[in-house]
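Colleague: One structure, pasted below without further comment.
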Amino acid sequence: MGTAFGSFFNVLIYRLPRRQSIIYPGSHCGSCKAEIPFWLNIPILSYLMLGGKCKYCGAKYHWHHLLVELITPLLFIMVYWRYGLYSILFFKYLVLTAFLIPIFFIDLFDKLILHVTTLPLIVLGLVFSLLKGTDVSMFNALISGGFAFGLLMTLAWLYSRIKKSVGLGGGDVMLLTAVTIFFGALNAPYILFVSSVLAVLYFLVFIRKADVQFVFGPFIAITAIFWFMVGEDLLELLIRMIV
Ligand SMILES: [Zn+2]
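FYI, in numbering that gives the first Met the number 0 the residues of the sequence shown are 0 to 242.
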């Protein structure tokens, strides 16, 4: 199932930023437009069998196709290890992971975080906060989500007024609001902090150019997934080391 979802995420990663329908037409080569028959559309296997190339025109498919088909099932299995199958938290964080994978790659390749990916995530986060056995209550989700949105919008506005350029994009604000709704007031600040540190470090070490547009979404996505896997254990360990 994970590989099938990965295959679907590849469709989203390619088509959503190009404003194309995600249903029609079916899978086709981006280069020669040849339709890909279902027997050549098997996740992972088809990519390896064809050597990552189109059977008809030989155009090379981007490496992310294979990567997404590999990491999606791995991440799904990790969510299962973390929560087991019979917890509402399994479904909650499975849904979050499923959204964060295309968000990560679309921001990485196209420098965009689309509302069509973050708005449903905000709604779903609120729906999960209503369910029994969840970890963040409706009250917590609404207050912390609202607070995060207000604070980040103010920061984005101030930055754009002072620097006359966009520092924190609207997509970043929406994604951080969604993440805050999923994690609540206790954990969301850590995610904001760790993802900011990672992003700044990455920028200082690998980019070091002022004119390169900065992408924040991939760091938020990685940190959020890392946080529900081991974040609380890590905090506990840190506190025990200090106290
Ligand atoms: Zn082709």
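For every residue, glycine included, the Cβ atom is placed at its ideal position computed from N, Cα and C. This structure is a prediction, so every number in the text was calculated from the model and none was measured.
#1: Considering Cα atoms alone, identify which of Cys31, Ala147, Ala33 and Ser6 is closest to Ile21.
#2: Using the C-alpha atoms, what's the distance from Phe103 back to Tyr46?
#3: Would the beta-carbon of Val178 fall within 8 angstroms of that of Ala187?
#4: Using a Cβ-Cβ cut-off of 6 angstroms (strictly less than) and excluding sequence neighbours within five positions of Gly144, which residues of its own chain qualify?
#5: Is the CB-CB distance between Glu68 and Ile43 below 8 angstroms?
#6: If you draw a straight line from the alpha carbon of Leu88 to that of Thr133, how long is it in whole angstroms?
#7: Determine the closest residue to His63 out of Tyr13, Ala184, His114 and Leu125, with distance taken between C-alpha atoms.
#8: With burial defined as no fewer than 16 other Cβ atoms inside 10 Å of the residue's Cβ, what is the status of Asp232: buried or exposed?
#9: Using alpha carbons as the reference points, say which of Val172, Ala223 and Val165 lies closest to Val211.
#10: With a threshold of 6 angstroms on Cβ separation, who are the neighbours of Tyr55 within its own chain once the five nearest residues in sequence on each side are excluded?
#11: If you count every other CB in all the chains shown that lies within 10 Å of the CB of Val214, and 16 or more means buried, which is it?
#12: By Cβ distance, which residues of its chain are closer than 8 angstroms to Ile121, with the 5 residues on each side in sequence left out?
#13: Taking 8 angstroms as the cut-off, decide whether the C-beta atoms of Leu15 and Ile70 are in contact.
#14: Would you tell me roughly how many angstroms separate the C-alpha atoms of Lys131 and Lys91, rounded to the nearest one?
#15: For ligand 1, I want to know if Ser30 counts as a neighbour, meaning its beta carbon is within less than 7 angstroms of at least one of the ligand's heavy atoms.
#16: Here's the rule I'm using: 16 or more other beta-carbon atoms within 10 Å means buried, otherwise exposed. How should Gly83 be labelled?
#17: If we ignore side chains and look at the alpha-carbon of each, how far apart do Val115 and Arg18 end up?
#18: Just how far apart, CA to CA, sit Val204 and Trp38?
#19: Gly282 and Val242 look like a contact to me (Cβ under 8 angstroms); what is the Cβ gap, rounded to whole Å?
#20: DSSP on Lys208, reduced to helix/strand/coil?
#21: Just mark Val78 as buried or exposed, buried being the case when its beta carbon has 16 or more other beta carbons within 10 Å.
#22: Pull up the CB-CB distance for Pro217 and Leu107, whole angstroms please, since I reckon it's below 8 angstroms.
Modeller: In this structure, then:
#1: Against the sequence shown, residue 21 aligns to sequence position 22. Among Cys31, Ala147, Ala33 and Ser6, the Cα nearest to that of Ile21 belongs to Ser6.
#2: Translated into positions along the sequence shown, residue 46 becomes position 47. Translated into positions along the sequence shown, residue 103 becomes position 104. The alpha-carbon atoms of Tyr46 and Phe103 are separated by roughly 21 angstroms.
#3: Translated into the one-based positions of the sequence shown, residue 178 becomes position 179. Translated into the one-based positions of the sequence shown, residue 187 becomes position 188. Yes, the pair counts as a contact, with Cβ atoms nearer than the cut-off.
#4: Position 145 of the sequence shown, counting from 1, holds the residue named residue 144. Within the same chain, and ignoring the five residues on either side of Gly144 in sequence, the residues whose Cβ sits closer than 6 angstroms to its Cβ are Thr176, Thr179 and Ile180.
#5: Here residue 68 is taken as the residue at index 69 of the sequence shown, counted from 1. Here residue 43 is taken as the residue at index 44 of the sequence shown, counted from 1. Yes; because the gap between Cβ atoms is below 8 angstroms, this pair is in contact.
#6: For this step, residue 88 is matched to residue 89 along the sequence shown. For this step, residue 133 is matched to residue 134 along the sequence shown. Their backbone Cα atoms lie some 6 angstroms apart in a straight line.
#7: As a working note, residue 63 is residue 64 in the sequence shown. His63 has its Cα closest to that of Tyr13, out of Tyr13, Ala184, His114 and Leu125.
#8: Locating residue 232 in the sequence shown gives position 233, counting from the first residue. Residue environment: Asp232 is assigned as exposed (fewer than 16 neighbouring CB atoms within 10 Å of its CB, all protein chains considered).
#9: Within the sequence shown, residue 211 is the residue found at index 212, counting from 1. Check the Cα spacing between Val211 and each of Val172, Ala223 and Val165: the tightest is with Val165.
#10: Here the question's residue 55 lines up with position 56 in the sequence shown. If we look at Tyr55 and ignore the five residues flanking it on each side, its Cβ neighbours are Cys31 and Ala33.
#11: Here the question's residue 214 lines up with position 215 in the sequence shown. Result: buried.
#12: Indexing the sequence shown from 1 puts residue 121 at position 122. Once the five neighbours on either side are set aside, the close Cβ partners of Ile121 are Gly144, Met173, Thr176, Ala177 and Ile180.
#13: The residue labelled residue 15 in the question sits at position 16 within the sequence shown. The residue labelled residue 70 in the question sits at position 71 within the sequence shown. Going by beta carbons, Leu15 and Ile70 fall outside the 8 angstroms limit.
#14: Position 132 of the sequence shown, counted from the first residue, corresponds to residue 131. Position 92 of the sequence shown, counted from the first residue, corresponds to residue 91. Each residue's Cα considered, the two are about 12 angstroms apart.
#15: Here residue 30 corresponds to residue number 31 of the sequence shown, with the count starting at 1. Yes.
#16: Taking the sequence shown and counting its residues from 1, the one referred to as residue 83 is at position 84. The residue in question, Gly83, is exposed, as its Cβ has fewer than 16 Cβ neighbours within 10 Å.
#17: Start at 1 with the first residue of the sequence shown, and residue 115 comes out as number 116. Start at 1 with the first residue of the sequence shown, and residue 18 comes out as number 19. One alpha carbon belongs to Val115, the other to Arg18, and they sit about 11 angstroms apart.
#18: Within the sequence shown, the letter at position 205 stands for residue 204. Within the sequence shown, the letter at position 39 stands for residue 38. Here the C-alpha atom of Val204 lies approximately 44 angstroms from the C-alpha atom of Trp38.
#19: This structure leaves residue 282 out entirely; the chain is present only between 0 and 242.
#20: Numbered from 1 along the sequence shown, position 209 holds the residue referred to as residue 208. Lys208 sits in coil when the DSSP states are folded into three classes, being neither helix nor strand.
#21: Position 79 of the sequence shown, counted from the start, is the residue given in the question as residue 78. The Cβ neighbour count for Val78, taken over all protein chains shown within 10 Å, is at least 16; the residue is labelled buried.
#22: Locating residue 217 in the sequence shown gives position 218, counting from the first residue. Locating residue 107 in the sequence shown gives position 108, counting from the first residue. Sure, about 5 angstroms apart at Cβ, within 8 angstroms.
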